[in-house]
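Data block below; observations after.
Residue numbers (the numbering used here): 104 to 1073.
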């Protein structure tokens, strides 16, 4: 690497000029011969001046970024409006907060733009340009001596702050005159003169300060506070003024402004502990515990040994749930500053440790506190002793615990009731009810014992110790004092029911006699004023009692309204949620107008002074598409707006644009009335409650209510398992069968069949509902056609279609369906019976040419059916009936006699699921059915009656009468 003079001499003129400009910023003369004459002192001075200027500029920028915001009124702003015009209800400090936020945001945007500009500007380092750095060039040229020391001296110069603003002479004169007027009591003239000062020079704080004094003297504290607020913002380092403003704001009850002023006071004087304490206390009073904890932590940094500060820090962290930090602060105080810490800190630390379950650690700190003052024989305060005993009890050392509780006695109960309650609660939580009852008994005769919570705890202990009657008496007393205690009422009712006092248990949960008037006077939409007898748990418990006593109508009158109301409210909530979801989707599909305008500006927003016009913008194809769509959508919105405006004017109405509503946020879900049974669709217990209720409604023939409950449950119960939904649909189909109207059960059986299209059981249920309906089901035939096209090999579907044709006397259609089923299941007895019966019926038609062949084919299928069922009594009767139907009486007599010679025992009827369900359990009963409930399987009476008709028609009346006498006489 050559010397600096050689590098400069060998460089091009442009590079020489850049080097000189970069190194010194001054002017250098280069001789014609290419030799460069450099003045070392001049270059060194210039280089140091430039470097120092750059450093000072950089530091100035940094200070500018870190400086606190100071209010400055710009041109066009009226400072008096901040103090006098406040019709909008916005407080002055809120206006200043907004101005400060906007100023800081503008400063950040400016810094960000500058940073982006620096990154975007290409630059070459000296190393890349010359092969050496500027420092190396100067050092090699011999000009580096003394430069660093000067730089160090310049760096040590103290930086000056903001220059003091000079007050114009005219304003200074007017301020002096106003002070004289104030001193002489001419307040009005002084106010006018000061307002003129504000208009001339709005950033002079003395004007506002004097205005505040004047208005305070005139008794207008509000305006005085506003002008003092402006003066404080113009002199943000005046902590005394900020604290005075905080005091005045507290008198007016403006807590937000108090906190704001105290925050400014803390910034003005970071060592002001009183301002920090007041601000932290305000946060704590208004339940802003996180901010309070942070504020007290700032005080803790300044005063780490202050006990009160440590305790407040611990309390605030405990309020925010950060118990670890609270314990850490107190332990650090006790370990590092044992002389300053006291027993109150130990007490608070023990409470926190006990809450976290660290009982052994709490005992260690309490034992350490006993020796803290150097006198281990001195007794601890009783509250610490009680805490130590509770810790021993939790650790299982009951004998040691009792030794700490010796100071508690009935004679000394005054003033120690809280500690006795703590001990009793600790034993109650541990399940030591006998010990707990002993300490609760100490409170008898004390005013604390009149508390309902203490009586409930005593009653709980008595129940655990099997003293039920005494507990019942206590529960009665509590209900007399607090009738709205739902848990107490439920517990009392359960105890009474367990003791056999069923009627009394029902009366405890039954609504009072004046419940209608009380319920009408209470607001319907508030949870807090909801009467206790409308609570879901109370209704469920009362309904269970009614069901145990088999008072089904009372059971239904109690539980059905609760279920219906819950389902209705859940349905309404789902509508609101669906509407909100729809709004969210629409807002995602439709871009806001601001986005559309921004995209359209990519094409239309060309600068008017742009040199090149008429050329396509430099955009990607995707951006061009977005911009074109945005411009088209904006034009569409404009046309719609014009049309709506013209229509409104034509109708004589005022047009209101809805553009603002497009930018409105989507509203949150409205607050609804509390549901009586909030977990109705969430757990197994409530699902069984719905089934039990519907079965009871079915047993009491209240079909419509049962169907309504099932319908709404299926509609809103999206989270129900498929098995539960199927069970509800099956029950709904059964109710529809009893109702004789398939229009309400068709959807249930339809879904069941679609889920199991090849199940005989589901098709039996389907056809049972359809065939029993007295009303025509319009959707039935269409559904059958759809299922046939979807499942062409479904045999039950073919048989049902054949039955449908048979019912309307279309035997050919029926035979076609039965034969399709026969091809798939030729050995099925029922299919053969259907085919044979259909052929016999078809043979009796008038237009049939091969009647005899059709009859023979029909009997062939019937005989095959007889063979498949092993010549059963039923098959003989069906053959006899077929021969009887076509007029072959001799053969019919033969088969009727076979029926009479065969005995068939009656068996129970085949029932589908839930048809034989018990109301309480939903399971089939285990008792033996009576004859009326059993199925009629013996066909002697039917065969004898038909045979007597044949004999009677042939003239053998005596044989006919004998048959009736033998088989048909009751």
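Here a beta-carbon is modelled for each residue, glycine too, at the ideal position from N, C-alpha and C.
Values in this document were obtained by computation on a predicted structure and should not be read as measured data.
Measure the CB-CB distance between residue 544 and residue 531 and report whether it falls below 7 Å.
-> Within the chain shown, residue 544 is the residue found at index 441, counting from 1. Within the chain shown, residue 531 is the residue found at index 428, counting from 1. Cβ distance not < 7 Å, so residue 544 and residue 531 don't count as in contact.
C-alpha distance - residue 413 paired with residue 432, whole-angstrom precision = For the purposes of this step, residue 413 is taken as residue 310 along the chain shown, with counting starting at 1. For the purposes of this step, residue 432 is taken as residue 329 along the chain shown, with counting starting at 1. Each residue's Cα considered, the two are about 6 Å apart.
Evaluate the contact criterion for the segment 854-869 versus the segment 826-838: three or more CB pairs, one atom per stretch, below 8 Å.
-> yes
Whole-angstrom C-beta distance between residue 487 and residue 73, which should lie under 8 Å = Only positions 104 to 1073 of the chain appear in this structure, which leaves residue 73 out of reach.
May I ask you to report which of helix, strand or coil DSSP gives residue 321?
-> Sequence index remark: in the chain shown, residue 321 carries index 218 (1-based). Coil.
Can you give the Cα-Cα distance for residue 465 and residue 491, rounded to whole angstroms?
-> Numbered from its first residue, the chain shown carries residue 465 at position 362. Numbered from its first residue, the chain shown carries residue 491 at position 388. Distance between the alpha carbons of residue 465 and residue 491 is about 7 Å.
Boundaries (first-last residue) of the alpha helix (DSSP H) holding residue 450 = Mapped onto the chain shown, residue 450 falls at position 347. Element bounds for residue 450: 446-458.
Tell me where the alpha helix (DSSP H) around residue 272 begins and ends.
-> Translated into positions along the chain shown, residue 272 becomes position 169. Its alpha helix (DSSP H) spans residues 272-286.
Relative to the C-alpha of residue 947, which residue among 913, 603, 904 is closest?
-> Within the chain shown, numbered from 1, the residue matching residue 947 stands at position 844. Answer by Cα proximity: 913.
Return helix, strand or coil for residue 941, following the three-state DSSP convention.
-> Counting from 1 along the chain shown, the entry for residue 941 is found at position 838. Of the three classes helix, strand and coil, the one that applies to residue 941 here is helix, per DSSP.
Can you give, in chain order, each stretch of the alpha helix (DSSP H) that sits fully within the segment 778-834 and has at least 4 residues?
-> 787-802, 806-819
Would you call the CB atoms of residue 903 and residue 924 closer than 7 Å?
-> One-based indexing of the chain shown puts residue 903 at position 800. One-based indexing of the chain shown puts residue 924 at position 821. No, the Cβ-Cβ distance between residue 903 and residue 924 is not below 7 Å.
Own chain partners of residue 780 with C-beta closer than 6 Å, once the 5 adjacent residues on each side are dropped | The residue you call residue 780 lines up with position 677 of the chain shown. Hits under 6 Å: 639, 665, 669.
If you check the beta carbons only, do residue 1071 and residue 1047 fall under 7 Å apart?
-> Position 968 of the chain shown, counted from the start, is the residue given in the question as residue 1071. Position 944 of the chain shown, counted from the start, is the residue given in the question as residue 1047. Yes, the Cβ-Cβ distance between residue 1071 and residue 1047 is below 7 Å.
From the DSSP output, in three-state form, read off residue 910 for me.
-> Counted from its first residue, the chain shown places residue 910 at position 807. Looking at residue 910 - three-state DSSP - the assignment turns out to be helix.
Under 8 Å by Cβ, that's how I've got residue 862 and residue 840 pegged, so tell me the actual separation to the nearest angstrom.
-> Within the chain shown, residue 862 is the residue found at index 759, counting from 1. Within the chain shown, residue 840 is the residue found at index 737, counting from 1. So it is not a contact: roughly 17 Å between Cβ atoms.
Determine, using beta carbons only, whether residue 562 and residue 578 come nearer to each other than 7 Å.
-> Working through the chain shown from its first residue, we reach residue 562 at position 459. Working through the chain shown from its first residue, we reach residue 578 at position 475. Yes. Within cutoff.
Measure the Cβ-Cβ separation of residue 921 and residue 939 and say whether it is below 7 Å.
-> Numbered from its first residue, the chain shown carries residue 921 at position 818. Numbered from its first residue, the chain shown carries residue 939 at position 836. In this structure, residue 939 does not lie closer than 7 Å to residue 921 by Cβ.
First and last residue of the uninterrupted alpha helix (DSSP H) at residue 471 = The count along the chain shown starts at 1 and reaches residue 471 at position 368. Looking at the DSSP string, the run of the alpha helix (DSSP H) that includes residue 471 is 462-473.
Determine the DSSP secondary structure at residue 639, reduced to helix, strand or coil.
-> Residue numbering aside, residue 639 sits at position 536 when the chain shown is read from its first letter. Helix at residue 639.
Exposed or buried, which one is residue 587 when buried takes at least 16 other CB atoms within 10 Å?
-> Numbered from 1 along the chain shown, position 484 holds the residue referred to as residue 587. Per the 10 Å Cβ criterion, exposed.
How about residue 983 and residue 998: are their beta carbons less than 7 Å apart?
-> Within the chain shown, the letter at position 880 stands for residue 983. Within the chain shown, the letter at position 895 stands for residue 998. Yes.
Using the Cα positions of residue 418 and residue 427, report the straight-line distance between them to the nearest angstrom.
-> For the purposes of this step, residue 418 is taken as the residue at position 315 of the chain shown. For the purposes of this step, residue 427 is taken as the residue at position 324 of the chain shown. In a straight line, the C-alpha of residue 418 is about 12 Å away from that of residue 427.
Roughly how many angstroms lie between the CA atoms of residue 950 and residue 990, to the nearest whole one?
-> What you label residue 950 is simply residue 847 of the chain shown in a count that begins at 1. What you label residue 990 is simply residue 887 of the chain shown in a count that begins at 1. Roughly 19 Å between the two C-alpha positions.
If residue 381 sits next to residue 365, beta carbons under 8 Å apart, how far is it from one beta carbon to the other, in whole angstroms?
-> Locating residue 381 in the chain shown gives position 278, counting from the first residue. Locating residue 365 in the chain shown gives position 262, counting from the first residue. Going by Cβ atoms, the distance from residue 381 to residue 365 rounds to 6 Å, so yes, they are a contact pair.
For the candidate residues 890, 796, 931, 879, whose alpha-carbon lies nearest to that of residue 854?
-> Counted from its first residue, the chain shown places residue 854 at position 751. Residue 854 has its Cα closest to that of 890, out of 890, 796, 931, 879.
By a C-beta neighbour count over all protein chains shown, 10 Å radius and 16 as the cutoff for buried, is residue 351 buried or exposed?
-> Here residue 351 is taken as the residue at index 248 of the chain shown, counted from 1. Looking at its Cβ environment, which holds 16 or more other Cβ atoms inside 10 Å, residue 351 is buried.
Inter-residue Cα distance where the pair is residue 727 and residue 735 | One-based indexing of the chain shown puts residue 727 at position 624. One-based indexing of the chain shown puts residue 735 at position 632. Computed Cα separation, rounded: 12 Å.
May I ask you to report which of helix, strand or coil DSSP gives residue 1006?
-> In the chain shown, the residue the question calls residue 1006 occupies position 903. Coil at residue 1006, not helix or strand.
Rounded to whole angstroms, what's the CA-CA distance from residue 407 to residue 423? Just pull it up for me.
-> The count along the chain shown starts at 1 and reaches residue 407 at position 304. The count along the chain shown starts at 1 and reaches residue 423 at position 320. In a straight line, the C-alpha of residue 407 is about 21 Å away from that of residue 423.
Could you check how far apart the C-beta atoms of residue 965 and residue 985 are, in whole angstroms? I think they sit under 8 Å.
-> Translated into the one-based positions of the chain shown, residue 965 becomes position 862. Translated into the one-based positions of the chain shown, residue 985 becomes position 882. Contact holds; Cβ gap of about 6 Å.
How many angstroms separate the CA atom of residue 276 from the CA atom of residue 398?
-> Reading the chain shown from its first residue, position 173 is the one you call residue 276. Reading the chain shown from its first residue, position 295 is the one you call residue 398. Rounded to whole angstroms, residue 276 to residue 398 spans 44 Å at the Cα level.
C-alpha gap between residue 883 and residue 740, whole angstroms = Within the chain shown, the letter at position 780 stands for residue 883. Within the chain shown, the letter at position 637 stands for residue 740. So the two alpha carbons sit approximately 48 Å from each other.
Indicate the three-state DSSP secondary structure (helix, strand or coil) for residue 169 in the structure shown.
-> Here residue 169 is taken as the residue at index 66 of the chain shown, counted from 1. Caution is warranted here: a pLDDT of 45 is assigned to residue 169, below 50, making its placement in the model unreliable, and the coordinate value is therefore given only provisionally. Here residue 169 sits in helix by DSSP.
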